[in-house]
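**Q** Numbering (this note's numbering), first residue to last: 31 to 145.
Here it is, the structure, as structure tokens.
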């Protein structure tokens, strides 16, 4: 989990994102768990930037990510248009859907090194 702060106020927590859950079946790492203070106007566009940064960290730091052609994956509630846009504008592509309890979830993947 990575914490986010604004450059103007680096001591104030405004959001977070995470890399988690390696899946050996499809060689992917989960990214997401975006937490944002959506009431703070200074955070406008922060979700997109958090996804960009978390992808950059994954490409540079995860062992063997580029060598093994691992992908990054995200699961987003299908009605969460803001979150979907954050991932789509960062090179993710929709690869499927599933149902979790009563909610539809969109599954997205992004090949390694796809900045």
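For each residue, glycine too, the CB sits at the ideal point set by N, CA and C.
Near residue 67, what residues of its chain come up, given a Cβ to Cβ distance below 7 Å and the 5 sequence neighbours on each side ignored?
**A** For residue 67, same chain residues with a beta-carbon under 7 Å away, outside a window of 5 residues either side, are 44, 45, 73 in chain order.
**Q** Taking only beta-carbon positions, decide if residue 34 is within less than 8 Å of chain D.
**A** The question asks about chain D, but that chain is absent: this structure has only one protein chain.
**Q** Taking residue 141 as the reference, which of 79, 61, 135 has the closest Cα?
**A** If we check each option's Cα against that of residue 141, 61 comes out closest.
**Q** Based on the DSSP secondary-structure assignment, which residues constitute the bridge partners of residue 126?
**A** For residue 126, which the question treats as bridged, DSSP gives the partners 137.
**Q** On a Cα-Cα basis, can you pick out the residue from 71, 79, 114 that is closest to residue 126?
**A** 114
**Q** What does the Cβ neighbour count give for residue 132, buried or exposed, with the cut at 16 atoms within 10 Å?
**A** exposed
**Q** The beta strand (DSSP E) spanning residue 103 covers which residue range?
**A** 101–107
**Q** One question on the structure: do residue 59 and residue 100 come within less than 8 Å of each other, judged by their Cβ atoms?
**A** yes
**Q** Return the chain-ordered list of same chain residues with a C-beta closer than 8 Å to the C-beta of residue 87, the five sequence neighbours on each side being excluded.
**A** 32, 49
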